[in-house]
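Visitor: These protein sequence lines map, in sequence, to chains A and B.
For the first sequence, full-length UniProt numbering gives the first residue as 1, with consecutive numbering after it.
For the second sequence, full-length UniProt numbering gives the first residue as 1, with consecutive numbering after it.
Each residue gets a CB set at the ideal place from its N, CA and C atoms; glycine is no exception.
Treat the numbers as computed from the prediction; the structure is a model and nothing was measured.
Structure in C-alpha cells, see below.
2 protein chains.
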Amino acid sequence: MRADAVRNRERIVELARALFREKGYDAVSMDEVAKAAEVGVGTLYRHFPTKEALYDAALQAWVETVTEAVEKALAAEGSARDRLLSWFDTYVEFLTRHKGAAWRITSALGDEGSPFAAKCRTYLNANQRIIDTLASEGAMRADVDAMQLCRLVGGVAAVVDNSELDAEAARSMLAVVADGVLAS
Amino acid sequence: MRADAVRNRERIVELARALFREKGYDAVSMDEVAKAAEVGVGTLYRHFPTKEALYDAALQAWVETVTEAVEKALAAEGSARDRLLSWFDTYVEFLTRHKGAAWRITSALGDEGSPFAAKCRTYLNANQRIIDTLASEGAMRADVDAMQLCRLVGGVAAVVDNSELDAEAARSMLAVVADGVLAS
DNA sequence: TTGCTAAACGGAGACACCCTCCGTATCGTT
DNA sequence: AACGATACGGAGGGTGTCTCCGTTTAGCAA
C-alpha cells in the first residue's frame, strides 16, 4: 500500500473511533467521518467496504486487550463467584465502551459472515477460558457453554448500554446470570 | 372519524402486521406498507405519526392477550421453577413472534416517551404479577424486581430472535435466568 | 531531474428511506 | 343538490449509504 494510503487509513480509523465512541454507531454518518478525517467518502469506501467494516476496524484496538483481561479476572483473589462476577463486569465494560457495540457484537455471535466474526471468536475464546478454569474447580454447572454465556452476558450488556444503566443495575443482573451458571 | 378513514386504518394495520411479522421492522418500508394497503404514504402518516407508531399499532392485538397468558402460566401444575420457566417460555414466544420486536420493546423499558411505553407497562405488570405470586410462596430471591426481570428475559428474547435460535437454546438460557432469580 | 504508470483520491450523484405538504377527491349533513 | 369538513395521494425535501469515474499523486526507472 502506498504511504499516503497508509496514513489516510490510520487517520480515518482514529477519527472514526473517537466519533463512534462519543456518539454511537447510528448517530455517526460516513460523510461526517470523511469530513473529520479530511478525505472524500470515496476514500473511506476504498479502505472499508461498508460502514460496519469501518466500525469493526475502529473497535479493533481495545478488543485485542480482552485476553489479558481474562487472565487478570481469573488471577484475582476470591471465590469462584467473585471471579466470575469480576469477569462479567469487565466483559460488560468492554462491550459498552462504545455506544451500540454490545448489541451489534452480540447479534453477530454465530454469524460467520459478519464483519464482527473475528471479535466474536475472541470473546468466545475468552469465555471458554473462564468456563474451563471454573469448571476444573467444580464451580460451574456442566451444561453451560461459551456461546450461551456470551449471549447471556452480551444480552445484559446490550440492555445496559441501550438504557444507559448504572454499574449497580448491571451488577445485579450479572449476579442473576452468575448464580444461574454456577453449580448450586 | 369518517367511515372510509376507519376502513383504511384497519386495513393498514392488518397489512402492516403481516409484513412486519414476516420480514421484521427494518426490512419493511413505509412505501411498501402503503402499496400493500393500496393507499398513499400520506394516508399512513395521517393515521400513524411515525413508523414506530404504526409498528406499535400492528403489535397491539397480541399484546392484549398477555395478561391471560400470565394467569395461565401461574395456574399450571408443577414447582415454582416449572411455572416460572413456563412463563419465560411464553414471554419469549410473545416477544419473538414479530421479528425485531423483542429488542425494540426491551430497549424501550424505562423510556416513558417511547411509542412502546404502554406495552412496556403491560409487560412490567405481568412480570410483577409473577414475582408477587412466587414470592408469596417463598420461592423468589427477595432482591429481584420486575424491571430487572423484564430486561433479563427481554435480553434473552432479543438474542433468540436475532440469531433465530431454536426453542431448546432459548430454554437453556432461560433456565440460567430462572435459577438465578429463584431462592436457592 | 524527468517521465510514466499504477495507485489513491474526491465528490457528484444513484438509490433507498422516513416523513411533509398541499392540491384534489370524497363523505355525510343540511 | 350543495357545501363544508375530512381524508386522500404522491411528489418531493432531507438524510443516509454506497458507487463511479475523471483527476491527482506517489514512487520507480531511465
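Taking Cβ positions only, does S172 of chain A come closer than 8 Å to chain B?
Guide: What you label residue 172 of chain A is simply residue 172 of the first sequence in a count that begins at 1. Cβ-Cβ to chain B under 8 Å: yes for S172 of chain A.
Visitor: List the whole-angstrom C-beta distance separating I12 of chain B from A37 of chain B, where the pair is believed to meet the contact cut-off of C-beta under 8 Å.
Guide: As a working mapping, residue 12 of chain B is identified with position 12 in the second sequence. As a working mapping, residue 37 of chain B is identified with position 37 in the second sequence. That belief holds up - the Cβ atoms of I12 of chain B and A37 of chain B are roughly 5 Å apart, short of 8 Å.
Visitor: Report the residue from B:A5, B:S163, B:D166, B:M140 whose alpha carbon sits nearest the alpha carbon of L44 of chain B.
Guide: Mapped onto the second sequence, residue 44 of chain B falls at position 44. The residue with the shortest Cα to Cα distance from L44 of chain B is B:A5.
Visitor: Threshold first: 4 residues or longer. Then list the alpha helix (DSSP H) segments lying entirely within the UniProt domain "HTH tetR-type" (6-66) of chain A, N to C.
Guide: 30-37, 41-47, 51-63
Visitor: 8 Å is my cut-off, CB to CB: does V156 of chain A come that close to chain B?
Guide: Residue mapping note: residue 156 of chain A aligns to position 156 of the first sequence, counting from 1. Under the 8 Å criterion on CB atoms, V156 of chain A is classed as interfacial with respect to chain B.
Visitor: So which residues on chain B does T106 of chain A lean against when the C-beta distance must stay under 7 Å?
Guide: The residue given as residue 106 of chain A occupies position 106 in the first sequence. The contacting residues are V159.
Visitor: For a contact defined as C-beta to C-beta under 7 Å, what are the partners of G113 of chain B on chain A?
Guide: Counting from 1 along the second sequence, the entry for residue 113 of chain B is found at position 113. Ordered by position in chain A, no residue passes the 7 Å Cβ test against G113 of chain B, which lies about 13 Å from the chain.
Visitor: Going by the CB atoms, is the gap between A69 of chain B and A139 of chain B shorter than 8 Å?
Guide: Within the second sequence, numbered from 1, the residue matching residue 139 of chain B stands at position 139. Within the second sequence, numbered from 1, the residue matching residue 69 of chain B stands at position 69. Contact flag unset, no.
Visitor: Counting only C-beta atoms, is N162 of chain B closer than 8 Å to chain A at any point?
Guide: The count along the second sequence starts at 1 and reaches residue 162 of chain B at position 162. Taking Cβ atoms only, chain A reaches closer than 8 Å to N162 of chain B, which makes this a yes.
Visitor: Note down, in chain order, all residues in the stretch 75-92 of chain A with a beta-carbon under 8 Å from any beta-carbon belonging to chain B.
Guide: none
Visitor: Given a threshold of 16 other Cβ atoms within 10 Å of its Cβ, counted over all protein chains shown, does M173 of chain B qualify as buried or as exposed?
Guide: Sequence index remark: in the second sequence, residue 173 of chain B carries index 173 (1-based). With 16 or more Cβ atoms within 10 Å of its Cβ, M173 of chain B is classed as buried.
Visitor: Just to make sure I have the definition right: I need the residues of chain B whose C-beta is within less than 8 Å of the C-beta of D143 of chain A. Which are they?
Guide: Residue 143 of chain A sits at position 143 when you count from the first residue of the first sequence. In chain order: S172.
Visitor: Between which residues of its own chain and L74 of chain A is the CB-CB distance below 8 Å, once the five residues before and five after are set aside?
Guide: Taking the first residue of the first sequence as 1, we reach residue 74 of chain A at position 74. These residues qualify, in order along the chain: R83, W87, R129, I130, T133.
Visitor: Sort out for me which residues DSSP pairs M1 of chain A with in a bridge.
Guide: Looking up residue 1 of chain A in the first sequence gives position 1. In the DSSP output, where bridge partners are listed per residue, M1 of chain A has none listed.
Visitor: Does chain B have any CB closer than 8 Å to the CB of G42 of chain A?
Guide: Here residue 42 of chain A corresponds to residue number 42 of the first sequence, with the count starting at 1. No, its Cβ sits nowhere closer than 8 Å to a Cβ of chain B.
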